[in-house]
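Peer 1:
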Amino acid sequence: MRRLLATAIASSTAKKAFPRVGAAAARAFSSYREKLRAGLLHSLRFEDALDLFFEMVQSQPLPSTVDFTRLLTAFAHMKRYDTVIYLSQQMQLFGISHDLYSFTVLLHCICRCSRLSLALSLLARMMKLGFEPSIVTLGSLIHGFCLRNRFGEALSLVNSILKSGYEPNAVIYNTLIAGLCKSGHVNSALEVFDLMEEQGLRGDLVTYNTLLSGLCYSGRWSEAARLLRDMMSKRINPDVITFTALIDAFVKQGNLSGAQELYKEMIQNAIDPNQVTYNSLIYGLCLHGHLYHAQKTFALMLSKGCFPNVVTYNTLIYGFCKYRMVDYGMKLFQRMSHQGLLGDAFTYNILIHGYCKVGNLRVALDIFSWMVSCRVTPDIVTHCILLHGLCVNGEIENALAKFDDMRRSETYVGIVAYNIMIYGLCKADQVEKAWDLFCGLPFQGVKPDARTYTTMILGLCKNGPRREADELFRKMKEDGIICHHIIRGI
1 MRRLLATAIA SSTAKKAFPR VGAAAARAFS SYREKLRAGL LHSLRFEDAL
51 DLFFEMVQSQ PLPSTVDFTR LLTAFAHMKR YDTVIYLSQQ MQLFGISHDL
101 YSFTVLLHCI CRCSRLSLAL SLLARMMKLG FEPSIVTLGS LIHGFCLRNR
151 FGEALSLVNS ILKSGYEPNA VIYNTLIAGL CKSGHVNSAL EVFDLMEEQG
201 LRGDLVTYNT LLSGLCYSGR WSEAARLLRD MMSKRINPDV ITFTALIDAF
251 VKQGNLSGAQ ELYKEMIQNA IDPNQVTYNS LIYGLCLHGH LYHAQKTFAL
301 MLSKGCFPNV VTYNTLIYGF CKYRMVDYGM KLFQRMSHQG LLGDAFTYNI
351 LIHGYCKVGN LRVALDIFSW MVSCRVTPDI VTHCILLHGL CVNGEIENAL
401 AKFDDMRRSE TYVGIVAYNI MIYGLCKADQ VEKAWDLFCG LPFQGVKPDA
451 RTYTTMILGL CKNGPRREAD ELFRKMKEDG IICHHIIRGI
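For the sequence shown, position 224 matches number 224 in the UniProt record's numbering, and the numbering has no gaps at all.
#1: By the DSSP assignment, the alpha helix (DSSP H) with Thr297 in it spans what residues?
#2: Out of Pro133, Asp99, Leu72 and Gly95, point me to the one whose CA is closest to Leu87's CA.
#3: Take Asn393 as the anchor and find which of Thr297, Arg362, Arg70 and Ile350 has the nearest alpha-carbon.
#4: Can you tell me whether DSSP reads Arg27 as helix, strand or coil?
#5: First and last residue of the alpha helix (DSSP H) that includes Asn187?
#6: Spatial neighbours of Leu120 within its chain, please: C-beta separation below 8 Å, excluding the five flanking residues on both sides.
#7: At the level of alpha carbons, what is the spacing between Asp479 and Glu468?
#8: For Asn279, which of helix, strand or coil comes out of DSSP?
#9: Short of 8 Å in beta carbon distance, which residues of its chain neighbour Ile486, apart from the five on each side in sequence? Order them along the chain.
#10: Give the single residue among Met231, Tyr101 and Gly258 whose Cα lies nearest to the Cα of Gly284.
#11: Measure the C-alpha to C-alpha separation of Glu153 and Arg235 and round it to an integer number of angstroms.
#12: Could you check which residue in Phe151, Gly184 and Val431 has the C-alpha nearest to that of Tyr173?
#13: I'd like the list of long-range same chain contacts for Met196, defined as Cβ closer than 7 Å, with 5 residues on each side in sequence excluded.
#14: Taking Ser64 as the reference, which of His98, Asp51 and His388 has the closest Cα?
#15: Using the rule of at least 16 other Cβ atoms within 10 Å of the residue's Cβ for burial, across every protein chain shown, is Ala26 buried or exposed?
#16: Is the beta carbon of Val136 sitting closer than 7 Å to the one on Thr104?
#17: At what residues does the alpha helix (DSSP H) containing Val413 begin and finish?
#18: Can you grab the Cα-Cα spacing for the pair Lys79 / Ser188, in whole Å?
#19: When you compare the stretch 296 to 303 with the stretch 333 to 352, are there three or more beta-carbon pairs, one atom per stretch, that lie closer than 8 Å?
#20: Could you name the residues of the same chain whose beta carbon sits closer than 7 Å to that of Cys216, not counting the 5 residues immediately before and after it, in chain order?
#21: Does DSSP put Cys439 in a helix, in a strand, or in coil?
#22: Are the stretch 320 to 330 and the stretch 347 to 354 touching, with three or more C-beta to C-beta distances below 8 Å?
#23: From the DSSP output, in three-state form, read off Tyr166 for me.
#24: Which residue's Cα is closest to the Cα of Cys384: Val416, Ala428 and Val206?
#25: Of the choices Phe68, Phe46, Asp48 and Glu47, whose alpha-carbon is the least far from that of Met56?
#26: Can you tell me the Cα-Cα spacing of Phe438 and Glu471, whole angstroms?
#27: CB Thr347 to CB Asn314, shorter than 7 Å?
#28: Using a Cβ-Cβ cut-off of 7 Å (strictly less than) and excluding sequence neighbours within five positions of Asp230, which residues of its own chain qualify?
#29: Does Thr382 pass the burial test, meaning 16 or more other C-beta atoms within 10 Å, or should it be called exposed?
Written out as structure tokens, the structure is:
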């Protein structure tokens, strides 16, 4: 049955795929009615819903538009928007007409698929058939424009709605504000907020949280603080999202004491911090070297029944490795693994870098091998960390072998990797090899940057012909690359 419907969806031959059979149709008629009226649609699996549609199109007489719309709504709740669009087309083939509600469901799904030309065409068809679109229908269209970052058209539609005598609801304004903030157009979002208030609509918690997050993300802390005061003066109580956005902003601003005060205020207001709240606090504490307090916050997080995720562990591991406490970082990694959390490339990169930093290359290489065995794909950052670790710890031959492996593999070898190798060779007094690598850059399609020139010039000045260093300095200026202050006085 499902295979038949799937074939119909693929081939668009629904008329042939759904033959109407007498006795079977009568049973189907009874069956689909029972399912629709029993209120079971919300618990239907996708395959079962397709079976139900199959039953309905075989029924005699055909079910009503209302019945089909209920089923289409169930597909929409499953986020199977393409299926809704296709099945709506099949309804038309069977002569089942749409009503305002079914058109609204269909338009919502089309907009969710970002097929705006089709959505506008459907809207025109609705109006031609005498259906006046509701505010919900227009809201779906505005949401579709926002999904495609077509904010000018979304705002024009809002203005048209106002001129037509409609009153956009808070959902429409919140949709616009969210889309604008997400795209970084915070000033436009604030203008929409002002328009919303001019129309006599009061912003709700969703409105304020969206604007606060947008302002904080843009680094506009003082405006965020003013908006928070405005929110509280209107007796709109902040929730965990509000506080978390502000705590994150304070942390990024370097104001740890302010972030901790906000945390205390959350607790006093009986608002439970979530994973993101704790992660922001731990990040700030690790960034500024307060590892003891970061551990205490981590322990507090666990005691509150808030379970850490990979981001939490990565942040703590980074903090310990940054301050050369790599063994503590490794213990956290082991604890994380025991709790069933799989480290990502960032986790392994932190640990490899940490052990390279303290000169323990054996462990760094063991972690790299473990990373590969756990099917975590090393990225270019991983390879560059290992290259740098080998170079600074005097393992230049192993670094060259690693570099050759990278070039033979499918790994993209950019200027960062070349810079590391040129630096390592110059440091090991192998300036001729570094020079050969530098001269081969154009043949590899890699363009040298300021660091490449600086490293090579200093290497030539130290161990190579001064004439070549002077020529390279002139070429660097001809290429429009700003020279490093170290080589200006040479």
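Glycine included, each C-beta is placed from N, C-alpha and C at the ideal position.
Peer 2: So, from the data block:
#1: As a position in the sequence shown, residue 297 is number 297, starting the count at 1. Unbroken alpha helix (DSSP H) run through Thr297: Leu291 to Ser303.
#2: Counting from one through the sequence shown, the residue named residue 87 turns up at place 87. Proximity to Leu87 across Pro133, Asp99, Leu72 and Gly95 peaks at Leu72, based on C-alpha coordinates.
#3: Along the sequence shown, read from residue 1 onward, the residue named residue 393 stands at position 393. For Asn393, the nearest C-alpha among the options comes from Arg362.
#4: Sequence index remark: in the sequence shown, residue 27 carries index 27 (1-based). Low local confidence applies: a pLDDT of 48 at Arg27 is under 50, so the model's placement there is unreliable, with the coordinate-based value given in what follows. Residue state, collapsed to three classes: helix.
#5: Start at 1 with the first residue of the sequence shown, and residue 187 comes out as number 187. Val186 to Glu198 is the extent of the alpha helix (DSSP H) around Asn187.
#6: Walking along the sequence shown from the start, residue 120 turns up at place 120. The residues are Leu141.
#7: Locating residue 479 in the sequence shown gives position 479, counting from the first residue. Locating residue 468 in the sequence shown gives position 468, counting from the first residue. The alpha-carbon atoms of Asp479 and Glu468 are separated by roughly 16 Å.
#8: If you number the sequence shown from 1, residue 279 lands on position 279. Correct three-state label for Asn279: helix.
#9: Walking along the sequence shown from the start, residue 486 turns up at place 486. Any reading at Ile486 must be qualified, since the residue scores a pLDDT of 47, below 50, and its modelled position is unreliable; the value itself is stated next. Thr454 and Leu458, listed in sequence order.
#10: Within the sequence shown, numbered from 1, the residue matching residue 284 stands at position 284. The candidate whose alpha carbon is nearest that of Gly284 is Gly258.
#11: Locating residue 153 in the sequence shown gives position 153, counting from the first residue. Locating residue 235 in the sequence shown gives position 235, counting from the first residue. The straight-line gap from Cα to Cα measures roughly 34 Å.
#12: For the purposes of this step, residue 173 is taken as the residue at position 173 of the sequence shown. Closest by alpha carbon: Phe151.
#13: Here residue 196 corresponds to residue number 196 of the sequence shown, with the count starting at 1. By the criterion of a C-beta distance shorter than 7 Å, Met196 is surrounded in its chain by Tyr173 and Gly203, once the five residues flanking it on both sides are discounted.
#14: Start at 1 with the first residue of the sequence shown, and residue 64 comes out as number 64. It is His98 whose Cα lies nearest to the Cα of Ser64.
#15: In the sequence shown, counting from the first residue as 1, residue 26 sits at position 26. Note that Ala26 scores a pLDDT of 44, beneath 50, so its modelled location is shaky and nothing firm can be said.
#16: Counting from one through the sequence shown, the residue named residue 136 turns up at place 136. Counting from one through the sequence shown, the residue named residue 104 turns up at place 104. Cβ atoms of Val136 and Thr104: closer than 7 Å.
#17: Numbered from its first residue, the sequence shown carries residue 413 at position 413. Where Val413 is concerned, there is no enclosing alpha helix (DSSP H), given that its DSSP letter is neither H nor E.
#18: What you label residue 79 is simply residue 79 of the sequence shown in a count that begins at 1. What you label residue 188 is simply residue 188 of the sequence shown in a count that begins at 1. Roughly 30 Å between the two C-alpha positions.
#19: no
#20: Here residue 216 corresponds to residue number 216 of the sequence shown, with the count starting at 1. Hits under 7 Å: Ala224, Ala245, Leu246, Asp248 and Ala249.
#21: Your numbering for residue 439 matches position 439 in the sequence shown. In this structure, Cys439 counts as helix in the three-state DSSP scheme.
#22: yes
#23: Looking up residue 166 in the sequence shown gives position 166. Three-state DSSP puts Tyr166 in coil, outside helix and strand.
#24: Locating residue 384 in the sequence shown gives position 384, where the first residue counts as 1. Per the Cα distances, Val416.
#25: As a first step, residue 56 is located in the sequence shown; it is residue number 56 there, counting from the start. The option with the nearest alpha carbon to Met56 is Phe68.
#26: Numbered from 1 along the sequence shown, position 438 holds the residue referred to as residue 438. Numbered from 1 along the sequence shown, position 471 holds the residue referred to as residue 471. Taking the straight line joining both Cα atoms gives about 14 Å.
#27: On the sequence shown, residue 347 is found 347 positions in, with the first residue counted as 1. On the sequence shown, residue 314 is found 314 positions in, with the first residue counted as 1. Yes, the pair counts as a contact, with Cβ atoms nearer than the cut-off.
#28: By 1-based counting over the sequence shown, the position of residue 230 is 230. Excluding sequence neighbours, Asp230 sits near nothing in its chain.
#29: On the sequence shown, residue 382 is found 382 positions in, with the first residue counted as 1. Thr382 is buried by the Cβ-count criterion.
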